[in-house]
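Which chain is which? The protein sequence lines are H and V, in order.
Going by this note's numbering, the letters in the first sequence line up with residues 1250 to 1361, in that order.
Going by this note's numbering, the letters in the second sequence line up with residues 440 to 554, in that order.
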Amino acid sequence: GESVGLHLPTLSVQEGDNSIINCAYSNSASDYFIWYKQESGKGPQFIIDIRSNMDKRQGQRVTVLLNKTVKHLSLQIAATQPGDSAVYFCAESSRNTDKLIFGTGTRLQVFP
Amino acid sequence: DAGVIQSPRHEVTEMGQEVTLRCKPISGHNSLFWYRQTMMRGLELLIYFNNNVPIDDSGMPEDRFSAKMPNASFSTLKIQPSEPRDSAVYFCASSFGDRRYNEQFFGPGTRLTVL
């Protein structure tokens, strides 16, 4: 189901360019973070995660950066492709709770 | 691997009716999660089970909502009576293990519309 909001922040990039999607979190106790990708009509899909003892983690074409000082998380997608078009959510959790708290999401649009 | 299976994919009902959403987790997974996604509130955890036992139901909005997991391969989320504000997409997710670091695999969701 197309479940994302009509007023999501949107990032528009040209195919082949790099994309950077940002996320701010508020709980200083959060120590585990995940990025999810949600395509239209589908459920969220895990992309990459990072624990608070790391500042950077790389996957295939994706890199997550964590700045605990300012409570900021970013997802970098290299050589963005049309298939990357989706809504991207960051999620956080802490030792106080096993729950994942999801952010509001950012829509990524890739133009040819 | 069939992934997490949810049914129905779409449900339209009238206010006051009972609604039952169904989920089949990935075989071998022992944690199951129910989420609700709306434009206003984003993605929220309603309840999660570990080894068929409800561990945290603090996200269940009110007594009209109930969830069960009678066995490792099936869970239901029931709303009775339903209200228009319950309209949302409901996702089921499963994972292996009871730790928060374990990857959750989401189903395709059930889009519920309450008229």
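The C-beta atom is built at its ideal place from N, Cα and C for all residues, glycine as well.
CB Ile444/V to CB Gly546/V, shorter than 9 Å? yes
Quick check: the region 1301-1319 of chain H against the region 462-478 of chain V, are there 3 or more CB pairs under 8 Å? no
Count the other CB atoms within 10 Å of the CB of Thr1259/H; is the residue buried (16 or more) or exposed (fewer)? exposed
Kindly say whether Gln543/V, judged by its beta-carbon, lies nearer than 9 Å to any beta-carbon of chain H. yes
So Leu1324/H packs on Tyr1337/H, CB below 8 Å; how close in whole Å? 6 Å
For Asn1345/H, I'd like the list of residues in its chain whose CB is within less than 8 Å of its CB, leaving aside the five on either flank, ordered along the chain. Ala1278
What separation, rounded to the nearest whole angstrom, lies between the Cα atoms of Gln476/V and Ala1340/H? 14 Å
If we count Cβ pairs, one from each stretch, closer than 8 Å, do we get three or more for the region 450-458 of chain V versus the region 487-498 of chain V? no
Quick check on DSSP: helix, strand or coil for Asp1266/H? coil
Using the Cβ count rule (16 or more neighbours within 10 Å means buried), how would you classify Glu457/V? exposed
Whose Cβ in chain H lies nearer than 8 Å to the Cβ of Leu485/V? Those do not exist, as Leu485/V stays about 11 Å from chain H at its closest Cβ, beyond 8 Å.
Quick one: Cα of Ile518/V to Cα of Tyr474/V, how far? 14 Å
If the cut is a Cβ gap below 7 Å, which residues of chain H does Pro464/V touch? By Cβ distance, chain H contributes nothing, its closest Cβ being about 13 Å from Pro464/V, past 7 Å.
I'd like to know whether the C-beta atoms of Ser512/V and Asn489/V end up nearer to each other than 9 Å. no
Quick one: what does DSSP say Gly548/V is sitting in, helix, strand or coil? coil
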